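Novice: Counting from 1220, one number per residue, gives the positions in the sequence shown under this note's numbering.
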Amino acid sequence: MSATPAAIRSRWLAPLEYTFLGVVIFSWAVFVVALGKDMSWDFRNYHWYIPYAFLHGRMNFDVAVSHQATYYNPILDIPFYLLARHAPSWFALGALGAVQGANIVPLYFLARTLLRVRHREIAAGALALFCATGSLTVSLAGQTYYDNILSLLILGALAIIVCNREVLRDGPVAHALWTSGVAGLAVGAAIGLKLPEGLYAFGFAAALAVLPGTFARRLARLAAGAAGGLAGIGLFAGYWFFKMFHETGNPLFPYYNQYFRSPLALETSYRDTRFVPHRWPKRLLFPILFSMHWQVANDLPFHDIRVGGAYVVGILTAPLAFFRRRDSFVDPVVAGALFAFAGVSYAIWIFAFGIYRYIVALEMLAPILIVGAIGLWPVGKYFQAVATGMALAGILLTTHYEILERAPLGDPYVQVALPPIRDPQHSLILMTGEAPMGYLLPELPPAIPVLRIDGWMIQPHDGSKMTAATRARVDAYKGDLYVIANEYEVGRAGDALAEYGLGMRWTECNLFTTNLGGPYRFCPLKHLPAKRA
């Protein structure tokens, strides 16, 4: 049976609903502008550099400037980079904030589809706002980590299939396949733009699989969703995979190089596995542990128990759901699909990453999951209402926000007080240490290549082909040589330079700062006498 006219009409919004969503998005933009500029480690390391490098063809001109991130797909960073370079800072930040605030749209649709209560629109709006104000979600406002932008694609895909569940179940086959494919395309686009989003592909497939329909129908939906996902990945990352394979021999360079074995890097994974729990007791308790201490699962501070709460409530609800009331205030089909999505996505995440920022979409979704779970309990509506209120109140009272350090508004977006360089056309700059300095490059004279000779990706004696080629390039260079190093890593810089037979001309060094970080030491270099055997 096809979707009823009432069900179709319910997917459209009333003018007041559009107004509500617009006000939230505008308010989020204003909030981001008021916070100021992103000073995060990642922004200074690569979010400003890699779009610049891509747009100016610096792939083989610079070396490992942003460590491993030098070789990330830059497509996601290009829009904000261009806006911030060519428009006022407040406008670029406002646009970034508006896109991040747009998460309210899929969250509202999901809440509205789940709830079966009077004044559903008001309840859904309040619940969606609650979802959009998690601790890390707010901390990431105006930041360029982009997890809270890709969540728009992930949650949007989930909303598409959930809101069209009748079509997926028994609507026209072509329409069902098209719906699944479009939603899959959104998930694939997110993965292509940032590979860790791949964990949600499994959750999306689980949600598609549990939504009602015949076995053949479900297989067809999954196939269409997979086809859309592959198309999204190909569209947004295919070119970059090909380019990396052509340049390095590893389409994911430098990651998983123990399998691809590019000679440019070491035969190791280069993955950040600091937070992955390796023992079952910790795995089972992980949501509770990171709800109590954020350092267990993240570099960025957050204080929020909603994911842990959804985990506990979900486990308690699993056996009770078989005895649910027929007049539940939530749609059990929707609740089941949302828990399938969240549960499978979380399972992949805990084995692959363990970094809380990668599941910020689940942080947003968690209050909806909690409401959906309690709505399945086989108890009276009064008890359900009290339990829901207590759960959400507990989250609200224990949530604390950490507003990360920001820089004041002003133009240009990045301001660097770089010392003068005598002959940019015949100069080479070296970088050393682990400090994030990639954001300095767009402010340097474009004729100067920059080579990081020491850091996470490259070290003087790591034995990689990249290090050998870098050393040969430095040894053969006949122009002026300089080094840029964080002031607090000058000792390490001296050691790395000595391995290249170079030393700083200390009396000619300068310190400079930027509006986003520093101080940095900028020194001309000299060749050291060769060591005697």
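Even glycine gets a Cβ: it sits at the ideal position worked out from N, Cα and C.
Keep in mind the model is a prediction, meaning the values are calculated, not measured.
If you draw a straight line from the C-alpha of R1690 to the C-alpha of D1491, how long is it?
Specialist: 27 Å
Novice: Beta strand (DSSP E) containing P1743: first to last residue?
Specialist: Y1739 to H1746
Novice: Runs of 3 residues minimum, wholly inside the region 1253-1320: which ones carry the beta strand (DSSP E) assignment?
Specialist: Along the length of the region 1253-1320, whole beta strand (DSSP E) runs at least 3 residues long do not occur.
Novice: Given Y1327, which residues of its chain have a CB within under 7 Å of its CB, disregarding the five upstream and five downstream residues?
Specialist: Taken in chain order, the residues that qualify are L1240, A1343, G1344 and A1347.
Novice: Excluding sequence positions up to five away, which residues of its chain have a Cβ less than 7 Å from the Cβ of S1646?
Specialist: Excluding residues within five positions, the ones whose Cβ falls inside 7 Å are I1640, I1667, G1698, D1699 and Y1701.
Novice: Would you decide whether A1225 is buried or exposed? Buried here means 16 or more other CB atoms lie within 10 Å of its CB.
Specialist: The pLDDT assigned to A1225 is 44, lower than 50, so where the model puts this residue is not dependable; a value taken from the coordinates is nonetheless given after this. So A1225 counts as exposed.
Novice: In this structure, how does DSSP classify A1359 when only helix, strand and coil are distinguished?
Specialist: Note that residue 1359 is Leu in the sequence shown here, rather than Ala. DSSP, reduced to helix, strand and coil, places L1359 outside both helices and strands of the structure shown, so it counts as coil.
Novice: Would DSSP call I1524 helix, strand or coil?
Specialist: coil
Novice: Nearest to R1711 by CA position, among D1673, K1745, H1680 and F1460, is which residue?
Specialist: Of D1673, K1745, H1680 and F1460, the smallest CA-CA separation from R1711 is found for D1673.
Novice: Can you give me the Cβ contacts of W1459 inside the same chain, cut-off strictly under 6 Å, excluding the 5 residues immediately before and after it?
Specialist: N1292
Novice: By the 10 Å Cβ neighbour count, where 16 or more other Cβ atoms means buried, how is A1749 classified, buried or exposed?
Specialist: exposed
Novice: Evaluate W1267 with the Cβ neighbour count: other Cβ atoms within 10 Å of its Cβ, from every protein chain shown; 16 or more gives buried, anything less gives exposed.
Specialist: buried
Novice: The alpha helix (DSSP H) with V1709 in it runs from where to where?
Specialist: Boundaries of the alpha helix (DSSP H) harbouring V1709: V1709 to E1718, taken from the DSSP string.
Novice: In this structure, how does DSSP classify V1495 when only helix, strand and coil are distinguished?
Specialist: coil
Novice: With I1379 and A1402 assumed to form a contact (beta carbons below 8 Å), what rounded beta-carbon distance in angstroms separates them?
Specialist: 4 Å
Novice: Do you know whose CA, among V1635, M1685, D1681 and P1643, lies nearest E1662's CA?
Specialist: V1635
Novice: Determine the extent of the beta strand (DSSP E) in which S1564 is found, giving its start and end residues.
Specialist: Looking at the DSSP string, S1564 is not in any beta strand (DSSP E); the run it does join, the alpha helix (DSSP H), is P1551 to A1571.
Novice: Under the DSSP definition of a beta bridge, which residues are partnered with V1702?
Specialist: DSSP output for V1702 lists L1649 and C1742 as bridge partner(s).
Novice: Is it the case that the Cβ atoms of G1390 and A1420 are separated by a distance below 8 Å?
Specialist: no
Novice: Three or more C-beta pairs closer than 8 Å, one from the region 1491-1503 and one from the region 1536-1550: is that the case here?
Specialist: Segment contact: the region 1491-1503 against the region 1536-1550, fewer than three CB-CB distances shorter than 8 Å; contact not assigned.
Novice: Considering only their Cβ atoms, is the gap separating I1587 from G1528 smaller than 8 Å?
Specialist: no
Novice: Find out if the Cβ-Cβ distance for the pair G1411, F1455 is shorter than 8 Å.
Specialist: yes
Novice: Check T1238 in the structure and name its three-state DSSP category.
Specialist: helix
Novice: Mind checking P1597: buried by the 16 CB within 10 Å criterion, or exposed?
Specialist: exposed
Novice: Does DSSP put F1328 in a helix, a strand or coil?
Specialist: In the structure shown, F1328 sits in a helix (DSSP, three-state: H, G or I).
Novice: If we ignore side chains and look at the alpha-carbon of each, how far apart do I1269 and W1260 end up?
Specialist: 14 Å
Novice: If we ignore side chains and look at the alpha-carbon of each, how far apart do D1281 and L1660 end up?
Specialist: 10 Å
Novice: Using only the alpha-carbon positions, how far apart do T1223 and R1388 sit?
Specialist: With a pLDDT of only 49 at T1223, under the threshold of 50, the placement of this residue in the model should not be trusted; the figure read from the coordinates follows. If I take the Cα positions, the gap works out to 13 Å.
Novice: By the 10 Å Cβ neighbour count, where 16 or more other Cβ atoms means buried, how is K1600 classified, buried or exposed?
Specialist: exposed
Novice: Can you tell me whether W1725 is buried or exposed? The criterion is at least 16 other CB atoms within 10 Å of its CB, across all chains shown.
Specialist: exposed
Novice: Tell me whether T1732 is buried or exposed, calling it buried when 16 or more other Cβ atoms sit within 10 Å of its Cβ.
Specialist: exposed
Novice: Using 8 Å as the cut-off, can you tell me whether the region 1475-1491 makes contact with the region 1561-1569, which would need three or more C-beta pairs spanning the two stretches below that distance?
Specialist: no
Novice: Does the contact criterion of 3 or more C-beta pairs under 8 Å hold for the region 1461-1481 versus the region 1544-1561?
Specialist: no
Novice: Using 10 angstroms around the beta-carbon of T1686, count the other beta-carbons present and answer buried if the total reaches 16, otherwise exposed.
Specialist: buried
Novice: For M1609, does the count of other Cβ atoms within 10 angstroms reach 16, so buried, or fall short, so exposed?
Specialist: The residue is exposed, with fewer than 16 neighbouring Cβ atoms inside 10 Å.
Novice: Look at L1747 and G1713 and say whether their C-beta atoms are less than 8 Å apart.
Specialist: no
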